[in-house]
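Respectively, the protein sequence lines represent chains A, B, C and D. According to the working numbering, the residues represented by the first sequence are 321 to 685, in order. According to the working numbering, the residues represented by the second sequence are 321 to 685, in order. According to the working numbering, the residues represented by the third sequence are 321 to 685, in order. According to the working numbering, the residues represented by the fourth sequence are 321 to 685, in order.
Protein chains: 4
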Amino acid sequence: MAGSTFGNQIKITTWGETHGKGVGVVIDGCPAGLSLKEEDIQVYLDRRKPGQSRFTTKRKESDTVSIWSGVFEGKTTGTPISLIVENKDQRSRDYSAIAGVYRPGHADYTFDQKYGLRDYRGGGRSSGRETVARVAAGAVCAKVLQKLGITLFAYTESIGPITVDAARFDPAQRDGNSLYMPDAKAALKAEAYLEKLIEKKDSAGGTIRCVVKGLPAGIGDPVFDKLDARLSAAMFSIGAVKGVEIGDGFAASKLRGTENNDAFSSEDGRIFKTTNHAGGILGGISDGSDVEIRVAVKPTPSVASIQQTVTKEGIPTEIEIGGRHDPVIVPRAVVVVEAMAAVTILDLLIQNTGSRMSYLEKIYS
Amino acid sequence: MAGSTFGNQIKITTWGETHGKGVGVVIDGCPAGLSLKEEDIQVYLDRRKPGQSRFTTKRKESDTVSIWSGVFEGKTTGTPISLIVENKDQRSRDYSAIAGVYRPGHADYTFDQKYGLRDYRGGGRSSGRETVARVAAGAVCAKVLQKLGITLFAYTESIGPITVDAARFDPAQRDGNSLYMPDAKAALKAEAYLEKLIEKKDSAGGTIRCVVKGLPAGIGDPVFDKLDARLSAAMFSIGAVKGVEIGDGFAASKLRGTENNDAFSSEDGRIFKTTNHAGGILGGISDGSDVEIRVAVKPTPSVASIQQTVTKEGIPTEIEIGGRHDPVIVPRAVVVVEAMAAVTILDLLIQNTGSRMSYLEKIYS
Amino acid sequence: MAGSTFGNQIKITTWGETHGKGVGVVIDGCPAGLSLKEEDIQVYLDRRKPGQSRFTTKRKESDTVSIWSGVFEGKTTGTPISLIVENKDQRSRDYSAIAGVYRPGHADYTFDQKYGLRDYRGGGRSSGRETVARVAAGAVCAKVLQKLGITLFAYTESIGPITVDAARFDPAQRDGNSLYMPDAKAALKAEAYLEKLIEKKDSAGGTIRCVVKGLPAGIGDPVFDKLDARLSAAMFSIGAVKGVEIGDGFAASKLRGTENNDAFSSEDGRIFKTTNHAGGILGGISDGSDVEIRVAVKPTPSVASIQQTVTKEGIPTEIEIGGRHDPVIVPRAVVVVEAMAAVTILDLLIQNTGSRMSYLEKIYS
Amino acid sequence: MAGSTFGNQIKITTWGETHGKGVGVVIDGCPAGLSLKEEDIQVYLDRRKPGQSRFTTKRKESDTVSIWSGVFEGKTTGTPISLIVENKDQRSRDYSAIAGVYRPGHADYTFDQKYGLRDYRGGGRSSGRETVARVAAGAVCAKVLQKLGITLFAYTESIGPITVDAARFDPAQRDGNSLYMPDAKAALKAEAYLEKLIEKKDSAGGTIRCVVKGLPAGIGDPVFDKLDARLSAAMFSIGAVKGVEIGDGFAASKLRGTENNDAFSSEDGRIFKTTNHAGGILGGISDGSDVEIRVAVKPTPSVASIQQTVTKEGIPTEIEIGGRHDPVIVPRAVVVVEAMAAVTILDLLIQNTGSRMSYLEKIYS
């Protein structure tokens, strides 16, 4: 198994490498009857597209998606939706420099250890390019969720030491800067910070937050398929993610029980929590509050500085990574986080339709 | 689906509630030929047993495990191993107080929302008692791993504001105190801190670290079944976990690439990393360094203080939770973390046996 | 993996050997809110109980089922239902005769080849005793189906050369004879036939039919999870099954298209097929007609005659199997077929709840 | 879930409809290091290609496969192999005749019942065209098996009343006639039979046999993932299959135990069965003899004769199916049977690598 399939009721299967003919995804289990056209997906892909600013790789990938199956007369048919993005910019570069040398922070060494060989062109399967397929799948799932009143919003929370200021938080500003920060001032600071790093041949990490609104209470399974367990797997499956928090996360470990517990209240019979330390999940099941996810992204491992490493044969050597690399992964990973959250939540939402006799009776009688 | 099965090649399926006849686990896919007896499992269960100190619930559960199947003449046969722990202490208490009222921080409300009803006795399926089954399964998996030279060590890193001091870190001290801290002095401080919280009818959270040694490079699948993705799902599937980090975790998001990248070096042809910011995982695949996991645990939600909540019908009310509750979950969760890590790693280790033609040739010719 | 889990939305996991402490099953994913008590399950188990006539093994197994989890105040809670049947009759016999010799027609040799060792007491995991667990699970699933208007009826169609006469077919007679034949006259003949085989130290095979009524059209997935594909896997997973047919089965291969196609008709707008060569399944999806399954069961491999075989070491030898064995497996397998069909159909029924946007909207708004 | 993924360790996911842009398959989990080029796959596809004789549809599909990912420098990398066959012959025909009318024997009605809508162009997802993807996947799996000494051979055993004569059976003749019968004389008779059916606007069914040689003993899991259970699911997942037998199949149900049991013998310490009624599988696990599978295929449902049916709205009507249809499905299904058997067997072969401690030790030390 190469672990390229995610989900139970909705299954997404991604394929493709940076330097092959393209990347794609098969979405199996999308409910029939959803209006879907390529533009619905393209808007998501455009959010992760390279070449948009000086902080993203200069590769020119138009990243145009095609629907190859599963949609008929503008509606999903319930059968697998195959989405393909052709790789346009496959300049035949000289990869001999990295073919036999292990780049620090990359998966070169581990792929060789696992498979005995690897596609060394630009990271192959471990390249961020694989996430094109995830974003395409996430766009479809997000559209289903939207029809059910569930929306997702992810953004860059911090880059290196610069963090979005809660007082200035404005969702509308997210798409107004190349870093996807919902705080224009923080974005400016972060841009300046990144400029300096580029000069120093270095790179930055950061954090991403994702908030899910409108998710009904009751979603997620009690033990191993907890909503948070599945979300965290989805997040850690994104390359470069090193930490995940739900709600208060690590800060909760420092709180006392009386501080951390969220009180219940009600209005017109509707029950809700008055605070949301839990991040919308209790016992692995959604509680009706916003689901709040926070993700730590490591700095881009491809840096132009000289680094110590070894060759495939174990001979110590130095490496200086050239080429086109983002000084920070975070901005382009924002939509990937949102996409993976959408896939996960839709999967559990469908899975939940079998949880009560009354649901079955509603459908079958 | 109720999400009670975990793993692909090794599948563990847990069952049981606090107040039923018992809890158990079926381990399917354990390789044949492992020496296994009940004592191997009992030592793990004893590490999470209640009633061991004033910081754990006073319930008396002997938690004695029985092997019901899958072992013959002292060896695993390759068929499912059914392990059962009977519930001894099922005093018929009066649960009417919590039957109709939602405890803050608990899964009462979310279970009702999911299933339309719930077993309200002591948390039912969302009770920490379910982890007995995980620990039993983990003991078996850890024994397989040990035979392959892989060992796991989890411990309490912090309780509330008290953290193990790296300078005093001594693994041998972990089992010498009731808090499973590998630093006797920190343990004393934490005990004092907990005493005060009990007086104040409050509770604490904390963090757990788990280190895996001896795992060969190459384990974990590149995309959705990344070693870290699977480990984090395993960790978040433990009730009360709110955050997971691999290696430097969130701290990595503040580092620069040149700081965070681990250089490769070699000795006698053996390749290794000179630092381990990555926590032993690159691109979702083990890199031969120690795998380092860090987990945030929220404070025990059952506190004796008065809390605001609502009844099942949505009427505001107050609740004062009596009964037997640990002021901190962390110490008893340490072995659960270790167990879940063991199950996850063994699963991926077996999954990896199909990754190369040469492995198949080794077995089938 | 030892393949002891079946199903996706409903997962059943069986465990146990003939001579261990017991056998059991964990049913994960049963919808919450079903009334369930042990008697509901016991009536199914009683149908496969040994010791009921001279054609079933003389072992005395009361086969009393206990519900260990997942039911609260008489209703399923949605969490795993653990059912256990203790092995009462574990006389410590001398198995040395078969420990080192491979019984023809049994799985002794193949288990040794797979695992390198085996539990040789009475067939271990490959014993028919494992089906106790399936029947228990099937009883629960059948009860869910019944609430939705779906019923199953399996019976012995033939034993050796004696076949139920269509003209005399009477469902009410099935439970009136020890062979579960819905034709009392055929049953008498078959009993006489079996008497002779016992004298000759031989055994018989036969066929089982199972009919499912009330299944709505639309159940089953189009490609690999076709209703017939899943049903046939369920049937072949029963030891001793050597063939499966849906509808006309092999006979359809001899028909012409104009003979085999079932015409559609309608009455008051309700569409139905006027014949049912297809056995209720078109393109892997139920079509609203009865689902008709036919299963071939081989003769009991344990015969008292002398047989040629080899020892574990490959030395030719003879074997004469003593002990308590049914001269025909079919009658006791009838309820196993019904049980496996119930599990399969319920699983696909739940799986189907995500097939349309309108179903999701029905549940979530 | 739309059930488009098959397998555990090797997962194949197919997508595509008759009249979309193409059909494809993602093979996930193929071991790294296998030499693979498009020609390896094309030879399999050519065996199911339409337009080869007057007994196959006149559609001209060149069915040329492209490898889009997972192969680097001529070798599999262990990552997903995406294979795509573009649909060339998508003449925009007028489907209005069948858009609103249910063809007998087809999945039109059941798709509508399942999904509420369907792609009515030529069968959409339930078309035989989907099997292109399976054959492509099977070609890859068969190549892995061949490297391990395992070969598969499927052939047309019968068409309508004409059956291959065992005395004239000659594997070399299979590919010498358009019906894939390993008996040239039977093929001539069958061709004459089909000519007559075409005149009568009718169609024929038939049977396919598949023999697997060289499979080591020990493959298949004891309970639900029995080799025969998985093979039969694979076979029934092929549209038009109505019956599956292993070894003697239904005939075994008429045999006595002493006739049906296969004696064991040995030569130079190597153990083998002297007969093979069991078809190479005992207790769900391969026994080292040839695995023998037999499959019943119904007659092509698309016949040119007038048939009774209803419209989508339930109004009785007649239908006369025009267009390009094979008068018999069997010959083109032969390679599909072989392909699905290859995928199934490779999956279980890889799955088995975790069955013994000694296998793990062989790989990890």
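Every residue, glycine too, gets a C-beta built ideally from N, C-alpha and C.
| query | result |
| --- | --- |
| Return the residues of the stretch 505 to 518 of chain A that lie within a Cβ-Cβ distance of less than 9 Å from chain C, sorted by chain order. | none |
| Who are the neighbours of Met321/C on chain D, taking C-beta pairs under 8 Å? | Asn328, Asp541, Asp545, Gln671 and Gly674 |
| Got a sec? Which residues, its chain only, sit under 6 Å from Thr595/B by beta carbon, not counting five neighbours each side? | Asp582 |
| Please name the residue in Tyr429/C, Asp360/C and Ile332/C whose C-alpha comes closest to that of Ile347/C. | Ile332/C |
| For the pair the stretch 470 to 479 of chain B and the stretch 502 to 518 of chain B, tell me if three or more CB-CB distances fall below 8 Å. | yes |
| Taking the alpha helix (DSSP H) that Thr595/B falls in, what are its first and last residues? | Per DSSP, Thr595/B belongs to no alpha helix (DSSP H) and is neither H nor E. |
| Taking 8 Å as the CB-CB limit, is Val385/A close to chain B? | no |
| From Arg631/A to Ala453/B, what does the alpha carbon distance come to, in whole angstroms? | It is worth fixing the name first, because residue 631/A is Thr in this sequence and not Arg. Near 45 Å, if we compare the C-alpha coordinates of Ala453/B and Thr631/A. |
| Beta carbons nearer than 9 Å to chain A: which residues of the stretch 422 to 444 of chain D have them? | Phe431, Lys434, Tyr435, Gly436, Leu437, Arg438, Asp439, Tyr440, Arg441 and Gly444 |
| According to the neighbour-count rule (16 or more other Cβ atoms, all chains shown, within 10 Å of its Cβ), is Ser488/A buried or exposed? | Correcting the residue identity first, residue 488/A is Arg in this sequence and not Ser. Arg488/A is exposed by the Cβ-count criterion. |
| Identify the contact partners of Asp348/C in chain B, using a Cβ-Cβ distance below 7 Å as the criterion. | Met321, Ala322, Ser324, Thr325 and Thr333 |
| So Ala352/A contacts chain D; which residues on that side make the cut at Cβ distance below 7 Å? | Tyr435, Gly436 and Leu437 |
| List the residues of chain C whose Cβ lies closer than 9 Å to the Cβ of Ile361/A, in chain order. | Chain C residues near Ile361/A: none, gap ~17 Å exceeds 9 Å. |
| Could you spell out where the alpha helix (DSSP H) holding Leu680/B opens and where it closes? | Met677 to Tyr684 |
| If you draw a straight line from the alpha carbon of Tyr435/D to that of Ser382/D, how long is it in whole angstroms? | 31 Å |
| What did DSSP end up calling Gln493/B once you bin it into helix, strand or coil? | helix |
| Can you list the residues of chain D that Glu450/C reaches, using a CB-CB cut of under 8 Å? | Val543 |
| Answer with yes or no whether the minimum CB distance from Glu337/B to chain C is below 8 Å. | yes |
| Flag Arg550/D as yes if its beta-carbon sits less than 8 Å from any beta-carbon of chain C, otherwise no. | yes |
| Could you check where the beta strand (DSSP E) with Phe473/D kicks off and where it finishes? | Thr471 to Ile479 |
| Ignore the nearest five residues each way along the sequence and tell me which others in Ser355/D's own chain have a CB closer than 7 Å to its CB. | Gly394 and Lys395 |
| With C-beta atoms as the reference, is Cys530/C less than 8 Å away from Glu450/C? | no |
| Rounding to the nearest angstrom, what Cα-Cα distance links Val655/D and His339/A in this structure? | 32 Å |
| Using alpha carbons as the reference points, say which of Arg441/C, Asp485/C and Leu437/C lies closest to Ala417/C. | Arg441/C |
| Which residue's Cα is closest to the Cα of Asp541/A: Cys461/A, Ile665/A and Val343/A? | Ile665/A |
| For Glu337/D, name the three-state secondary structure that DSSP assigns. | coil |
| Does any residue of chain B have a CB that is nearer than 8 Å to the CB of Val531/A? | no |
| Going along the stretch 613 to 631 of chain C in order, which residues come within less than 7 Å of chain D, judged by CB to CB distance? | Ala616, Val617, Lys618, Pro619, Thr620, Pro621, Val623, Ser625, Gln627, Gln628, Thr629 and Val630 |
| What is the rounded straight-line gap between the Cα of Ser685/C and the Cα of Phe584/C? | 36 Å |
| Candidates Leu551/B, Ser557/B and Ala549/B: which alpha carbon is nearest Leu547/A's? | Ser557/B |
| Since Ile639/D sits in a beta bridge, which residues does DSSP pair it with? | Gln627/D |
| Quick one: what's Lys533/D bridged to in DSSP? | Thr471/D |
| What does a CB cutoff of less than 8 Å around Ile482/D pick up in its chain, not counting 5 residues either side in sequence? | Ala506, Lys509, Ala510 and Tyr513 |
| Which bits of chain B does Ser402/C rub up against, with CB to CB less than 7 Å? | Trp335, Gly336 and Gly344 |
| Between the alpha carbons of Ala554/C and Ser573/D, how many angstroms are there, rounded? | 18 Å |
| Only counting the same chain, and skipping five residues up and downstream in sequence, which positions put a Cβ closer than 7 Å to that of Gly538/C? | Ile605, Ser606 and Asn672 |
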